[in-house]
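Remarks on the structure that follows.
Residue numbers (the working numbering): 3 to 125.
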């Protein structure tokens, strides 16, 4: 079962209404605090906006979705984490890890062409 905080995080990401985004974000952050599958402790002290933009929140969500075999959702969340890391100029090693996890997601979702393309990016 996908944790509710991840569902609200994805709803906030997909919404275009400011009220829905804010409400979903607050709920996602609140639920992540009490979830055993929530983001790391340093993320808990962030305000809503910074929490939403923290790559660790997205990595935690992607890893949980991956472990639950929701590979297409996990790949999309890994992509979001990678875009946040690129903006914050984090290390290339972490980007390669995300790219390889995305490739695995596509491989498990039986899209071999995308998987090979992503793996070649890391080489």
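By construction, the Cβ of each residue, glycine as well, lies at the ideal position given by its N, Cα and C atoms.
Bounding residues of the alpha helix (DSSP H) (the contiguous stretch that carries residue i)
i           : result
residue 36  : 20-36
residue 105 : 94-110
Minimum C-alpha distance to residue i - residue among the options
i          : options              : result
residue 64 : 115, 21, 106 and 23  : 106
residue 8  : 30, 89 and 51        : 30
residue 49 : 35, 39, 61 and 62    : 35
residue 86 : 52, 108, 119 and 102 : 52
Euclidean distance between Cα positions of residue i and residue j
i          : j           : result
residue 4  : residue 70  : 7 Å
residue 55 : residue 44  : 13 Å
residue 59 : residue 111 : 24 Å
The ligand NAP heavy atom lying under 8 Å from the CB of residue i
i           : result
residue 121 : Looking for the ligand NAP in the displayed structure turns up nothing, as the structure carries no ligands at all.
**Q.** Ordered list of alpha helix (DSSP H) runs contained in the stretch 42-75, each at least 4 residues
**A.** Taking 4 residues as the minimum length, the alpha helix (DSSP H) runs contained wholly in the stretch 42-75 are 43-46, 50-54 and 57-69, in order along the chain.
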